[in-house]
Structures are given as C-alpha cells and as structure tokens.
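Every letter in the sequence shown is one number past the one before it in the numbering used here, and letter 106, counting from 1, is 1363.
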Amino acid sequence: MSAKEHRLDKIDDAIIRILSHDGRISMKELGAKIHLSGQAAKNRGEQLEDMGIIQRYTINMNCPVYGYKVHALIQLTLQLASKTAFSSFIQNCESPILHCYQITGENAYVIDSHFRSIEELQSFMEKLEKYGTCKVNIILQDMILKQK
1258 MSAKEHRLDK IDDAIIRILS HDGRISMKEL GAKIHLSGQA AKNRGEQLED
1308 MGIIQRYTIN MNCPVYGYKV HALIQLTLQL ASKTAFSSFI QNCESPILHC
1358 YQITGENAYV IDSHFRSIEE LQSFMEKLEK YGTCKVNIIL QDMILKQK
C-alpha cells in the first residue's frame, strides 16, 4: 500500500511516536495506548511498514558503557579512489559506523562513528587515507540528547 492509498492520521502519528521510543512494546500495550485493539494496532503498524515509513526496529546503544568511548565525526574529501571503492570499503568496514552521509560542500562525506580508543580512531583514519583527505572532530557532548 502506498502513502497515497493510505493517508496518515493521528493514530499513525501516535504509533510512530510510541514505537520510536519503545520498539519492543507489545501490540496489545500499543493498542491500549492509542485506544485500539492489539490486532488493530498490529495491522496499522504493518501498513506503516508496507508503505516504507517504518523501515526497521533497532536499538539505541549506550556506546561509552559498551566500551566505545570516542565519538568522532570524520569529514572525507575523495581524492585518490573512486566513489565505488570507498562505498564498498565503508559498507564492509569493521568499525562501528553509525552513519556515512554523502553531503554537499567541500567535503564529500561525513562519517559518524564510535571507537574504543584514540588509537583505534587513528587506525581507522589510516585506512581512510587511501581514499582521500580526512578531517576529524571528536564529540565532547551531545547537547540535544533525546531520552525516553
């Protein structure tokens, strides 16, 4: 079902909001929160999945507690390698990359990643050097931390 066939309403908005905070909520509990039966809530959630609005259910990991204490934004300007080679590297890389954005402006890519140590970050940067020039910024604090 496409978004044109199903207009989003307040119930859909509520389902999205609730699931974005707790993807493990039971359909019965979700239904109770939005005043629908569990089965009706499940059906609405599946419609949102079918439309591509809900694409996956995931976790929000506390990286420092897990041992990844260095959070870095790496800006990369491709120079020596093709976009295809870099894309293959970044998709198959072992580092815990949260996001890799292709952007406008001077830098072609911004990589958002966590590392266990500065040494691990340096090792990753050395691997990136064959693709282009890097600039790195270490995240000191998240100023807008969204919590439950």
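By construction, the Cβ of each residue, glycine as well, lies at the ideal position given by its N, Cα and C atoms.
Which term fits residue i, buried or exposed, when burial requires 16 or more other beta carbons within 10 angstroms of its beta carbon?
i       : result
Asp1399 : exposed
Leu1397 : exposed
Leu1355 : exposed
Measure the alpha-carbon distance for residue i versus residue j and round it to whole angstroms.
i       : j       : result
Tyr1314 : Ile1360 : 26 Å
Tyr1366 : Val1322 : 28 Å
Gly1324 : Ser1374 : 9 Å
Glu1377 : Ile1273 : 36 Å
Glu1249 : Cys1391 : Given that the chain is displayed from residue 1258 to residue 1405, the structure contains no residue 1249 and the question cannot be resolved.
Gln1304 : Asn1317 : 24 Å
Can you name, in chain order, every residue of its own chain whose Cβ lies under 8 Å from the Cβ of residue i, other than the five neighbours on each side?
i       : result
Cys1320 : Lys1326, His1328, Pro1353 and His1371
Ile1268 : Ile1291, Leu1293 and Arg1301
Met1284 : Gly1295, Gln1296, Ala1298, Lys1299 and Gly1302
On the DSSP letters alone, give me the boundaries of the alpha helix (DSSP H) that residue i sits inside.
i       : result
Gly1295 : Gly1295 to Asp1307
Cys1320 : Cys1320 to Tyr1323
Thr1315 : Premise fails: Thr1315 is in no alpha helix (DSSP H) and is neither H nor E.
Using a Cβ-Cβ cut-off of 6 Å (strictly less than) and excluding sequence neighbours within five positions of residue i, which residues of its own chain qualify?
i       : result
Val1393 : Ala1329 and Ile1331
Ile1395 : Ala1329
Return the first residue and the last residue of the beta strand (DSSP E) that residue i is part of.
i       : result
Gln1359 : Ile1354 to Gln1359
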